[in-house]
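Let me begin by presenting the structure, written as structure tokens, before commenting on it.
Residue numbers (this note's numbering), protein chains in the order written: chain E, 645 to 1036; chain W, 174 to 430.
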């Protein structure tokens, strides 16, 4: 059992808090306003959804540079089916369009995974090709047109005016989340005792539950403090953030508590050992890329719903933010170690920099320079800490 | 008499190189065979064929007299054949229990990993192998060679292996740990396992084995009860191939003599 207090994640949280205070100070209190934090949460969800998949890809010693382009092509499919239909099919309902988009993401991801796993083409090359191929495909879906309008109810998935669940539901959901976390913690303690291990100290588990309660409560309070237009009613938790949290929980469960996730870690730690242990490394690798494709399509759902349209430039350069989020969150580029929670923090941190610099009036050129610098610095921290732990 | 394992006429080439060239090998239950030979003599390849790490080009393998097809490590494990490699083949980033159960995890409801049960069994099994073992939580990267080996041996014991292949088991170990491995090998043999000890180290082999098998140029050139031979004689076989009648029941290919 881990202590549950990963020092990297903790350090990242503290660094993020410092950056938040700094940005808030520099923007005269704009940054930490409920309105901006609501927007920040919505903006982070696109990168956040994909970052949890990237954790698995990188943990298995691969990389996926195509996620921004896969987002674009699947988003175009989702938009086109709703706005125009295909081949005289009439308009599709948005759930049907979304289902097709997710399947398309899985197929695209699996096909790239096939080249990596069964044809031994390095993932860097396969997905660099994919970056071009699927960006081009996104253009071809509608000959470069912007596809609109989308179904009105679809827009809720993007976190716009109707895209949040309201004050009451948010509180209930918050309470349920805290109760759920407490229940899982209690179950883990019982399981340890039943097998004759001493559980973690009680105070540590209590402190963990208290910290989660504080974070969830604070989050709900802030989301509720941002009112709907011409109203006193708070917006509550944005739908895309719920999508993000749900998908991250599912991926975390896959990663930590299933054979599939265990094999991803084993492949990243020692591919030879994985083969000798009878693991079907190729199938697992294909699965990792398929999962990444589905998550890129899920990010496309949020993106198109936010825009209310599909454009072929959606997700441009998203791969950099996604990889940066994973690496900042403690996922080692050498493979074998990754954290879904860390990647979520990393996504918020990357988006905070972007968002904060916009508030401060930085040009997109300056923002690009800053994001690029942060990416290199994050990898350096990873390399430096790995060097230390190997010397030890 | 039926052997526990019998490999007949097995061949394996890499490109134009015949790494294993029609070798005949057998192993009985409760027997430790020391497999000797120069680097490149084919001993590791022969064992990789038995462990399913490489596919056979030709020849056949029988377990308990029944012909078997070993196409993957998974097939080999199903037949009770466990291999313990020189580099110990552990995933360094994972803790002891994840390594012991790698590829054969216990799952509970919804197919989720039953970590607590795997940890408990790991504690029991590894402590039986190595009572001094302490760190079950951290990644195995930080463990000593002997501790890592006790995980791998614990794996073979827990899954009730019948054939254990030890590839240079003492290469990474200090003297005390080497002695410990010797005791373990004896214990496992007494439990009825068939053990193949792949080694360069004549001293180790003479101390631990019941029978010595020598390979040269992809063929078995000698097989002799350890007590009936002498290190100098074995060394001669390793260097020159068998000069005389090599072994009871082990045909010698003329071109390798």
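For every residue, glycine included, the Cβ atom is placed at its ideal position computed from N, Cα and C. The structure presented is a predicted model; accordingly, all values stated were derived computationally and were not measured.
- Taking the CA atoms as reference points, residue 960 (chain E) sits about 11 Å from residue 776 (chain E).
- Taking a Cβ-Cβ cut-off of 9 Å, the neighbours of residue 923 (chain E) in chain W comprise 246, 247, 275, 276, given in sequence order.
- Annotation: Cβ neighbours of residue 906 (chain E) in chain W (cutoff 7 Å, chain order): 271, 278, 286.
- Within the model, the alpha-carbon separation for residue 867 (chain E) versus residue 817 (chain E) is close to 13 Å.
- In the three-state scheme derived from DSSP, where H, G and I count as helix and E and B as strand, residue 376 (chain W) is classed as helix.
- If one requires a minimum length of 3 residues, the beta strand (DSSP E) runs lying completely within the region 312–351 of chain W are 336–340, in chain order.
- Annotation: the continuous beta strand (DSSP E) that includes residue 198 (chain W) extends over 190–200.
- Counting C-beta pairs closer than 8 Å gives fewer than three between the region 711–728 of chain E and the region 913–926 of chain E, which falls short of the contact rule.
- Chain-ordered listing is empty here: chain E has no CB closer than 8 Å to the CB of residue 339 (chain W), the nearest sitting near 14 Å.
- With respect to residue 742 (chain E), residue 945 (chain E) sits close: the two C-beta atoms are nearer than 8 Å.
- The way I'd put it, the region 314–333 of chain W does touch the region 294–304 of chain W; three or more beta-carbon pairs between them come closer than 8 Å.
- Considering only beta carbons, no part of the region 377–408 of chain W lies closer than 9 Å to chain E.
- Rounded to whole angstroms, the Cβ separation of residue 218 (chain W) and residue 227 (chain W) is 7 Å, and the two are in contact under 8 Å.
- Chain E places no beta carbon closer than 8 Å to that of residue 334 (chain W), leaving this residue out of the contacts.
- Rounded to the nearest angstrom, the gap between the Cα atoms of residue 746 (chain E) and residue 882 (chain E) is 21 Å.
- Short of 8 Å from the beta carbon of residue 837 (chain E), and not among the five residues preceding or following it, lie these beta carbons of its own chain, in chain order: 843.
- Remark: C-beta atoms of residue 751 (chain E) and residue 954 (chain E) do not approach each other more closely than 8 Å.
- In the DSSP assignment, residue 240 (chain W) falls within the unbroken beta strand (DSSP E) covering 239–241.
- In the DSSP assignment, the residues bridged to residue 204 (chain W) are W:367.
- Secondary structure at residue 235 (chain W): strand, using DSSP grouped into helix, strand and coil.
- Assignment of residue 184 (chain W) by DSSP, reduced to helix, strand and coil, places it in the strand class.
- In the DSSP assignment, residue 694 (chain E) falls outside any beta strand (DSSP E) and within the unbroken alpha helix (DSSP H) covering 678–703.
- By the neighbour-count definition (other C-beta atoms within 10 Å, threshold 16), residue 183 (chain W) is a buried residue.
- Among the residues facing chain W, residue 790 (chain E) is not included, as its CB has no counterpart in that chain under 8 Å away.
- For the options E:1006, E:905, E:804, the alpha carbon positioned closest to that of residue 684 (chain E) is the one of E:804.
- In the three-state DSSP reduction, residue 713 (chain E) falls in the helix class (H, G or I).
- Under a 10 Å Cβ-count criterion, residue 1026 (chain E) is classified as buried, with 16 or more other Cβ atoms of the shown protein chains found around its own Cβ.
- Cα atoms of residue 718 (chain E) and residue 199 (chain W): separation of roughly 58 Å, rounded to the nearest angstrom.
- Between residue 245 (chain W) and residue 229 (chain W), the alpha-carbon positions lie close to 11 Å from each other.
- If you ignore the 5 residues before and after residue 704 (chain E), its C-beta comes within less than 7 Å of the C-beta of 908, 911, 912, 929, 932, 979, all in its own chain and listed in chain order.
- The Cβ atoms of residue 326 (chain W) and residue 256 (chain W) lie no closer than 8 Å to each other.
- Under DSSP, residue 280 (chain W) takes part in a beta bridge, and its partners are W:286.
- Comparing alpha carbon positions, the residue from E:839, E:875, E:877, E:823 closest to residue 852 (chain E) is E:823.
- Using a CB distance cut-off of 8 Å, residue 920 (chain E) counts as an interface residue toward chain W.
- Not a single CB atom of chain E sits nearer than 8 Å to the CB of residue 242 (chain W).
- Looking at the DSSP output, residue 388 (chain W) shares a beta bridge with W:393.
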